[in-house]
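Same order as they appear, the protein sequences are chains A and B.
First residue of the first sequence? That's 32 in our numbering, and the numbers climb one at a time after it.
First residue of the second sequence? That's 3 in our numbering, and the numbers climb one at a time after it.
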Amino acid sequence: MADVQLMGLLNATLQAATLLFVAALGELITEKSGILNLGVEGMISIGAVTGFMTAINTENLFLAVVAGIFSASLFASLHAFVTVILKQDQTVSGLILTILGLALSSLLGKKYVGKKLTTKIESIVDIAEPENIVEVLLSQNIIFYFTIVLMITMAYVLKHTMYGRRLQAVGEDSKAADSMGLKVNKTQFIATCVGGAFAGLSGVYLTLSYVPYWTDNMTSGRGWIALALVIFGGWRPYRTAIGALLFGFLEALVPRLQTYSFEISPYLLKITPYLITIFVLVILTIYKDGKTGSPGNIGRPFFRENR
Amino acid sequence: MSKYILAKKTSVHDFSTFYSFLIGLAISITVGSLILLLQDQNPIEVFSLMLKLSVGSMNSLSASLNKAIPLILAGLGIAIINTVKLWNIGAEGQIFLGAIIVNLVYINTDLRSSSLYILLLLIAGFIGGSICILMPAITKVFFGVNEIITTLLTNYIIIGLTVYLINGPWRDPDSLSFPVAAYVGEEVFLPKILGRLSIGFIICILCTFAAHYLIDKSVFGYEMRIAGGSQMTAIYAGINAKQKTFIAMLIGGGFAGLAGAVELLGQTHRVSTGISQGFGYTAIIVAAITGMRPIGIFLVGTLFGALTIGGSVIQTIGVSSYIADIIQATTLFGALIALFFFTYEIKEVQDG
Numbered sequence: 032m033a034d035v036q037l038m039g040l041l042n043a044t045l046q047a048a049t050l051l052f053v054a055a056l057g058e059l060i061t062e063k064s065g066i067l068n069l070g071v072e073g074m075i076s077i078g079a080v081t082g083f084m085t086a087i088n089t090e091n092l093f094l095a096v097v098a099g100i101f102s103a104s105l106f107a108s109l110h111a112f113v114t115v116i117l118k119q120d121q122t123v124s125g126l127i128l129t130i131l132g133l134a135l136s137s138l139l140g141k142k143y144v145g146k147k148l149t150t151k152i153e154s155i156v157d158i159a160e161p162e163n164i165v166e167v168l169l170s171q172n173i174i175f176y177f178t179i180v181l182m183i184t185m186a187y188v189l190k191h192t193m194y195g196r197r198l199q200a201v202g203e204d205s206k207a208a209d210s211m212g213l214k215v216n217k218t219q220f221i222a223t224c225v226g227g228a229f230a231g232l233s234g235v236y237l238t239l240s241y242v243p244y245w246t247d248n249m250t251s252g253r254g255w256i257a258l259a260l261v262i263f264g265g266w267r268p269y270r271t272a273i274g275a276l277l278f279g280f281l282e283a284l285v286p287r288l289q290t291y292s293f294e295i296s297p298y299l300l301k302i303t304p305y306l307i308t309i310f311v312l313v314i315l316t317i318y319k320d321g322k323t324g325s326p327g328n329i330g331r332p333f334f335r336e337n338r
Numbered sequence: 003m004s005k006y007i008l009a010k011k012t013s014v015h016d017f018s019t020f021y022s023f024l025i026g027l028a029i030s031i032t033v034g035s036l037i038l039l040l041q042d043q044n045p046i047e048v049f050s051l052m053l054k055l056s057v058g059s060m061n062s063l064s065a066s067l068n069k070a071i072p073l074i075l076a077g078l079g080i081a082i083i084n085t086v087k088l089w090n091i092g093a094e095g096q097i098f099l100g101a102i103i104v105n106l107v108y109i110n111t112d113l114r115s116s117s118l119y120i121l122l123l124l125i126a127g128f129i130g131g132s133i134c135i136l137m138p139a140i141t142k143v144f145f146g147v148n149e150i151i152t153t154l155l156t157n158y159i160i161i162g163l164t165v166y167l168i169n170g171p172w173r174d175p176d177s178l179s180f181p182v183a184a185y186v187g188e189e190v191f192l193p194k195i196l197g198r199l200s201i202g203f204i205i206c207i208l209c210t211f212a213a214h215y216l217i218d219k220s221v222f223g224y225e226m227r228i229a230g231g232s233q234m235t236a237i238y239a240g241i242n243a244k245q246k247t248f249i250a251m252l253i254g255g256g257f258a259g260l261a262g263a264v265e266l267l268g269q270t271h272r273v274s275t276g277i278s279q280g281f282g283y284t285a286i287i288v289a290a291i292t293g294m295r296p297i298g299i300f301l302v303g304t305l306f307g308a309l310t311i312g313g314s315v316i317q318t319i320g321v322s323s324y325i326a327d328i329i330q331a332t333t334l335f336g337a338l339i340a341l342f343f344f345t346y347e348i349k350e351v352q353d354g
């Protein structure tokens, strides 16, 4: 019986980690290009609500996933337009993206509060109570496996391909990249939209699989934890994945602690993931002496100087 | 062959931020109208109803001004912290902790003089806001931890704490419907000055001038700006950048905490999750849209307070209150877009 509980914990860990990791990976790509997008929370919400609405209205899950990804990407292009083309403050624009995204998704989702999905994204193999690790892995859904593929692909693309090298060159030193003939604006614009698409995928995972219903503000700070994960992972996909697993574990563990009759208020337990996020960030920054490995040009708009 | 490049204008018009704001407002009203049309609502009807119910009568006007108080106070706090080039995204949490500390002090003390008691509690609120930003300030100043993420995450921690308090130790046994803390006594309610408008609005005006003086006129404001700029300049000028940054963050957090105190003593009169309805986030928009200028924050905060009241009353005719949030956010987006045309120009340069 303990085994079943342990496997349940593992299962919940993987699900929570997937949700965080997809969004973090998207933000990683955006930040690699030198653009900081603080709008992750808003983009996840937009992806989540459009995915859910499409699923309710068409009962076509594939279409719902595509709609969620596309809408979040389109939403991110707003940030790209304001920061890449118009060179405005990335912090302000990103924050507005979060506020606007949460408000817009609440407005759109108003009619859908309390509705239940008839179908949700199914596990690869339907196992009610997985008893070993293989069964836990098999009971994950297609997005989980797609995320693993994305992680490996992105790690490879960033390190070993021309596209990855160009992306990082733009993010490290956009002026040098520009003089090498790279298209800085185009790269940053695309990277921001790709980041949005990943956040959208995270959003549809949230509403079509993780908790298959819609309520206001259901992202509950996960976008911000995803942002912290990018720093935690030192802008590297695999390390970010480890961070996501750690935080996924925390999110899965907290509600379970009560069943082990812990004498802590459940309300206080709920804030532990946020406390630990801050704690880990502090430890990490001290350990690395402020050199976290962030892209050199992050947050700074690129200008072609008067020559 | 000549080509075109983007360059910063050498001189920027004095009122460019103000004009950008007006253009942003026009854009947001257009966007808001489109959203209303898509929801089968008549935008002119909805907007005129919002106007009527937010500034149309003495009662609604004072409600709007009351709503503006937390936006302005938190916005001023954000502007002070931005003087050292840092972002305070944690105003929401600071508002809550301000109110919590006020309630804590109220429960544990008993003063005869009502006005002295109120003053004490307002100071307690300010300190509460400072306590809330203490951890982000320490980690920023001493270890260089990104303050955007730490202040934001603090919001979730403080709101979690609020939920714990009103469900546990502070739960009012008389409230059967949803968990809230007990009311504070009438002796510490903020007095009303005009209709339903509380004295908090006077505090707000005083704070606006204080922040204006602190940022633009005082020596400390000058030192803060240098501390937020280049590290070398600060060392050369003999300014302790870390100290200035730390103090600026505590003062900024305190302003938001004061907003919580005013909200508790003037409006809700008890601690609940309704102490702030996203005021801390709206305050970011208010501060950013004005380019962090205190007088501007006062004016835009007042407008946005009315907009929030307008947004909450139109729920009665079936329009989502989120339309107000959307208008506020798109105003800033529109203003950012407009600001581009005031600050940049396309230049023609000779190649080679």
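Backbone N, C-alpha and C fix where the C-beta goes; we use that ideal spot for every residue, glycine too.
Everything numeric in this text was worked out from a predicted model, so none of it was measured.
- Residues of chain B whose Cβ lies closer than 7 Å to the Cβ of F334 of chain A are, in chain order, L8.
- With a beta-carbon spacing of about 7 Å, L131 of chain A and T332 of chain B fall inside the 8 Å limit used to define contacts.
- N68 of chain B sits in a helix when the DSSP states are folded into three classes.
- Leaving aside the five residues that flank V53 of chain A on each side, the residues in its chain whose CB is nearer than 8 Å to its CB run, in chain order, I174, T178, L181, F229, A230, L232, S233 and Y236.
- Contact annotation: K244 of chain B and E225 of chain B have beta-carbon atoms that are not nearer than 7 Å.
- With fewer than 16 other Cβ atoms from the protein chains shown falling within 10 Å of its own Cβ, P171 of chain B counts as exposed.
- Scanning chain B for C-beta atoms nearer than 7 Å to the C-beta of A134 of chain A yields Y324, D327, I328 and A331, reported in chain order.
- If you look at K246 of chain B, you'll find it in the alpha helix (DSSP H) that goes A243 to E265.
- Beta-carbon to beta-carbon, T210 of chain B and I297 of chain B are separated by about 7 Å, close enough to satisfy the 8 Å threshold.
- With a cut-off of 8 Å on Cβ pairs, the segment 59-79 of chain B is not in contact with the segment 139-148 of chain B, counting fewer than three such pairs.
- Rounded to whole angstroms, the separation of the alpha carbons of L299 of chain A and A207 of chain A is 49 Å.
- Annotation for K190 of chain A: the continuous alpha helix (DSSP H) segment containing it runs I173 to H191.
- The C-alpha of I150 of chain B is placed about 30 Å away from the C-alpha of Y194 of chain A.
- At least one C-beta of chain A is nearer than 7 Å to the C-beta of G162 of chain B.
- Among the residues of the segment 303-327 of chain A, those with a Cβ less than 7 Å away from any Cβ of chain B are Y305, L306, T308, I309, L312, V313, T316, I317 and G321, in the order of the chain.
- At least 7 Å separates the beta-carbon of A200 of chain A from that of I60 of chain A.
- With 16 or more other Cβ atoms from the protein chains shown falling within 10 Å of its own Cβ, T81 of chain A counts as buried.
- Inclusion of L73 of chain B and T284 of chain B in the CB contact set at 7 Å is warranted, their separation being smaller than that value.
- When only Cα atoms are considered, S116 of chain B and A337 of chain B end up about 45 Å apart.
- Within the model, the alpha-carbon separation for I311 of chain B versus A259 of chain A is close to 35 Å.
- Residue pairing of R272 of chain B in beta bridges, as defined by DSSP: absent, with no partner found.
- The residue among B:G162, B:L192, B:N169 and B:E189 with its C-alpha nearest the C-alpha of P181 of chain B is B:N169.
- L284 of chain A and T44 of chain A have their C-alpha atoms some 8 Å from each other.
- G130 of chain B and V96 of chain A have their C-alpha atoms some 44 Å from each other.
- Between S64 of chain A and G264 of chain A, the CB-CB gap reaches or exceeds 7 Å.
- DSSP places K63 of chain A in the helix class (H, G or I) of the three-state scheme.
- A103 of chain A is classed as buried because its beta carbon has at least 16 other beta carbons within 10 Å across all chains shown.
- Considering only beta carbons, the part of the segment 267-301 of chain A lying closer than 8 Å to chain B consists of S296, Y298, L299 and K301, in chain order.
- V57 of chain B and F17 of chain B have their C-alpha atoms spaced approximately 27 Å apart.
- The Cβ of S137 of chain A sits closer than 7 Å to at least one Cβ of chain B.
- Close partners of Q36 of chain A in chain B (Cβ separation under 8 Å) are lacking, with about 26 Å as the shortest Cβ gap.
- The C-beta of F310 of chain A has fewer than 16 other C-beta atoms within 10 Å across all chains shown, which makes the residue exposed.
- For secondary structure counted as the alpha helix (DSSP H) over 4 or more consecutive residues, the segment 38-82 of chain B holds these complete runs in sequence order: 45-57.
- Chain A places a beta carbon closer than 7 Å to that of L155 of chain B, counting this residue as a contact.
- Where L232 of chain A is concerned, the enclosing alpha helix (DSSP H) starts and stops at V215 to Y236.
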